[in-house]
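Enquirer: These protein sequences, in sequence, are chains A and B. Per the numbering used here, residue 1 is the first one in the first sequence, and the count goes up by one each step. Per the numbering used here, residue 1001 is the first one in the second sequence, and the count goes up by one each step. Idealized CB from N, CA, C, for every residue including glycine. Quick caveat: nothing in here was measured; it's all calculated off a predicted structure.
Protein chains: 2
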Amino acid sequence: MLREIRQQPDVIEKTIRAESTKLRKLGKFLRDRDVDLIVLAARGSSDNAAIFGRYLLEIACGIPVSLCAPSVYTLYKAKLDLKRALVIGISQSGEGTDVNTVLEQARKYGAFTLGITNSSRSPITKVSDETLLIHAGKERSVAATKTYTGQLLHFYLLANSLTTKAKINLEKLPEYASSALELESEVSEIAARYTFMENCVVVGRGFNYGNSFELALKLMETCYVVAERFSTADFQHGPLAVVERRFPVIHIGPRGAPKRTDLELLRRLKELNADCFSITNDRSIARASSRSVMLPAGISELLSPIPFIIPGQLFAAHLSAAKALDPDAPRSLSKITQTV
Amino acid sequence: MLREIRQQPDVIEKTIRAESTKLRKLGKFLRDRDVDLIVLAARGSSDNAAIFGRYLLEIACGIPVSLCAPSVYTLYKAKLDLKRALVIGISQSGEGTDVNTVLEQARKYGAFTLGITNSSRSPITKVSDETLLIHAGKERSVAATKTYTGQLLHFYLLANSLTTKAKINLEKLPEYASSALELESEVSEIAARYTFMENCVVVGRGFNYGNSFELALKLMETCYVVAERFSTADFQHGPLAVVERRFPVIHIGPRGAPKRTDLELLRRLKELNADCFSITNDRSIARASSRSVMLPAGISELLSPIPFIIPGQLFAAHLSAAKALDPDAPRSLSKITQTV
């Protein structure tokens, strides 16, 4: 898992280089098609990447996005009107039966289908009109890391190809990912402090909402921590009641639009004597937290999701080691999960 | 909270009676408008009702549904193309700033807006082109119960008004809700067993996926239990790793489409020696669980969400009492939560 975490700057660079031409053509084709709805279908980590995808595509392209409920297609066999829709399946292995069934059905209902995968000959490529590849090499750890950030990257590339407005400049992403990796020893020291943590809440908002789901999933998979995940806003609609003295909250909060509401939540958590660890690049957020790791201040909120999940991945891997567990072989799980 | 739980059959009957004419007219109007996307905006319990709404509207009406991320409108001020969309805000109090901002913006972007609320003169009625009222009387407990099932009911009424196919027969819903209430003493005995439960996972799928979120939220609000919620499918993509010997899982599982995958999960949980409490009306699901409460076998999966959440509400209220807490005044919360 740690080795694969460290490969991420390379994977980003390779994927941008290899996929750009295909995406430019695809963008022109889809703009001509007048897509007015994007549906994202995924499970597990890929579904967390899809949460980011929904924010990015709605905000950057102005096209409404629906996160698909696969059982609507698989169990309930609903016939949806998808004539003007782009339906995207996201799957590291490309083998998830449910996601592939969604794509197959969506095509029948008139949608253009797109697959985002790390596996160039997998079944998802057969049910997709076009495939976007992550160039990550094989991912051996059960806990997805480099394929997750590869999926995030593909949403940026896709947004750039769909929008008629200014493109997002992705040049610095590999450098930002590298600077996140430099925090490893610091993160490892912090992780040791949480050796006996049994449950926690992970919060993040907007562009980093999907990251809060992803970090919680990593903690469940590799550390067996019961990890809740919420947006900083939703957390105040009920779940805040679970917080008691020394309750651990992990917060992913770059400078940017959510800062004001993030600071409000941090103040409430301090009053409740909660223990808050922030992954941030903002001094006032760091000051309002019990502890923090600081990423470079120059990272914009828009580009924060990839560099900001990396300290989270490192935290999960090192906490797993501190708990004397094996992050690469979580109990009860296998790399490909088949559900319908 | 218990008193309000017990009022639910009455609220259902009253709401059906009072709102049917308005909904018939609205349905005709919306069908003529050729809506090809429905967006649902809500927070907290109302958002859990919206999860049910997405399944119901997609399956019964064939119109794709998107669960809105309010911050896309409030923090990021995205301009979405919503010309052919119906945007529905769901709010018990009608006072949530974020939901109301979504409705206000959506209207500017061309959508028809609809509010579902328990409060006939609240701000949500000003930003909605039409309002659907829950006739629940004032809800005093911070934990929403009768307004939640009132919201579920409105999704049925709306689906019936939008579809050109066979209507869902809702006549028996008050009777089903009453039969669920008859389980109170049984549920109260079971709840006592969980007095020292600190965390758990709630699972449910399809039409009952939103209910799993809602029961988890009730447990967080009124019992301070760290309660995760998953679909039975998603649970196997990673989170299953948290399950250890005697780990409590609460399962909402009627007979119906998810039964096969539910039974698979229950078998895996038994192998892991987990403790599984099922709310069901199916004998084989009951047999595969550690313990269960049985609702009438005649309740179809389609009509199960309202009667099946009621034993969950009762469970939360009695567990709260068993823990010597006050379910009506959760720490750190108030009835109206303002977030943007």
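1. So for Asn1211(B), helix, strand or coil by DSSP?
2. Taking the DSSP output, what are the residues bridged to Gly1253(B)?
3. Report yes if the CB atom of Tyr1194(B) is closer than 8 Å to the CB atom of Leu1314(B), and no otherwise.
4. So, does the CB of Thr1337(B) fall closer than 8 Å to a CB anywhere in chain A?
5. Let me see if you follow: with CB-CB separation under 8 Å, is Gly253(A) close to chain B or not?
6. Would the beta-carbon of Gly1150(B) fall within 8 Å of that of Ile1134(B)?
7. Could you give the residue range of the beta strand (DSSP E) that holds Ala227(A)?
8. Just how far apart, CA to CA, sit Gly1076(B) and Pro254(A)?
9. Taking buried to mean at least 16 other C-beta atoms within 10 Å of its own C-beta, is Lys1138(B) buried or exposed?
10. Can you name, in chain order, every residue of its own chain whose Cβ lies under 7 Å from the Cβ of Glu301(A), other than the five neighbours on each side?
11. Using a cut-off of 7 Å between C-beta atoms, extract the partners of Gln1236(B) located in chain A.
12. Quick check on this structure: which residue in Ile309(A), Val242(A) and Val203(A) has the alpha carbon closest to the alpha carbon of Gln1220(B)?
13. Counting only beta-carbon separations shorter than 8 Å, does Gly1062(B) have a partner in chain A?
14. Is there a Cβ from chain B that is less than 8 Å from the Cβ of Thr420(A)?
15. Against chain B, with Cβ distances strictly below 8 Å, would Ile71(A) count as a contact?
16. Per DSSP, what kind of secondary structure is Glu301(A) in: helix, strand or coil?
17. Using DSSP with H/G/I as helix, E/B as strand and the rest coil, what is Ile1310(B)?
18. Just curious, the beta strand (DSSP E) that Ala191(A) is in, first and last residue?
19. Any C-beta of chain B within less than 7 Å: which residues of the stretch 22-49 of chain A qualify?
20. For Ser179(A), which residues of its own chain have a beta-carbon under 6 Å away from its beta-carbon, when the five flanking residues on both sides are left out?
21. Apply the 10 Å Cβ neighbour rule to Ala42(A) and answer buried if 16 or more other Cβ atoms are within range, or exposed otherwise.
22. Given that a residue counts as buried once 16 or more other Cβ atoms are within 10 Å of its Cβ, and exposed if not, what is Asn273(A)?
23. So which of Ile1090(B), Leu1082(B), Gly1115(B) and Thr1131(B) has the shortest CA-CA distance to Tyr1109(B)?
24. By a C-beta neighbour count over all protein chains shown, 10 Å radius and 16 as the cutoff for buried, is Asp234(A) buried or exposed?
25. Output, in chain order, the set of chain D residues within a Cβ distance shorter than 9 Å of Tyr76(A).
26. Using a cut-off of 7 Å between C-beta atoms, extract the partners of Ser1079(B) located in chain A.
27. Run through DSSP, which three-state label would Thr1117(B) get?
28. Hey, is Asp960(B)'s beta-carbon within less than 8 Å of any beta-carbon in chain A?
29. Which residues mark the beginning and the end of the alpha helix (DSSP H) in which Ile1051(B) is found?
30. Could you give the distance in angstroms between the alpha-carbon of Ser1119(B) and the alpha-carbon of Arg1260(B)?
31. Report the option in Ser1278(B), Lys1146(B) and Lys1323(B) whose CA atom is closest to the CA atom of Ser1046(B).
32. Which bits of chain A does Arg1331(B) rub up against, with CB to CB less than 9 Å?
33. Measure the CB-CB distance between Glu1244(B) and Val1226(B) and report whether it falls below 8 Å.
34. CA-CA distance, Arg121(A) and Pro305(A)?
35. Quick test of your reading: Ala1191(B) and Ala1322(B), contact by CB under 8 Å. State the CB separation rounded to the nearest angstrom.
36. Quick one: list the residues of chain A neighbouring Tyr1224(B), beta-carbon separation under 8 Å, in chain order.
Expert: Here's the rundown:
1. helix
2. Thr1280(B)
3. no
4. yes
5. no
6. yes
7. Val226 to Phe230
8. Per the sequence presented here, residue 1076(B) reads as Tyr, with Gly not at that position. Cα to Cα, the separation comes out at about 15 Å.
9. exposed
10. Phe207, Pro254, Arg255, Gly256 and Ala257
11. Thr337 and Thr339
12. What sits at residue 1220(B) in the sequence shown is Met, not Gln. Here the closest residue by C-alpha is Val242(A).
13. yes
14. This structure gives no information on residue 420(A), because the portion of chain A shown stretches from 1 to 340.
15. Ile is not the amino acid found at residue 71(A); the sequence shown has Ser there. At least one chain B Cβ lies under 8 Å of Ser71(A).
16. helix
17. helix
18. Not the beta strand (DSSP E): Ala191(A) falls in the alpha helix (DSSP H), residues Glu184 to Ala192.
19. Asp36, Leu37, Val39, Arg43 and Gly44
20. Pro296
21. buried
22. exposed
23. Leu1082(B)
24. buried
25. Here the protein chains are A and B, and chain D is not one of them.
26. Per the sequence shown, residue 1079(B) should be read as Lys rather than Ser. Per Cβ cutoff of 7 Å: Gly62.
27. strand
28. Since the first residue shown for chain B is 1001 and the last is 1340, residue 960(B) is missing from the structure and cannot be characterised.
29. Gly1044 to Cys1061
30. 41 Å
31. Lys1146(B)
32. Leu240, Ala241, Val243, Glu244 and Leu272
33. no
34. 28 Å
35. 6 Å
36. Ala241, Val242 and Glu244
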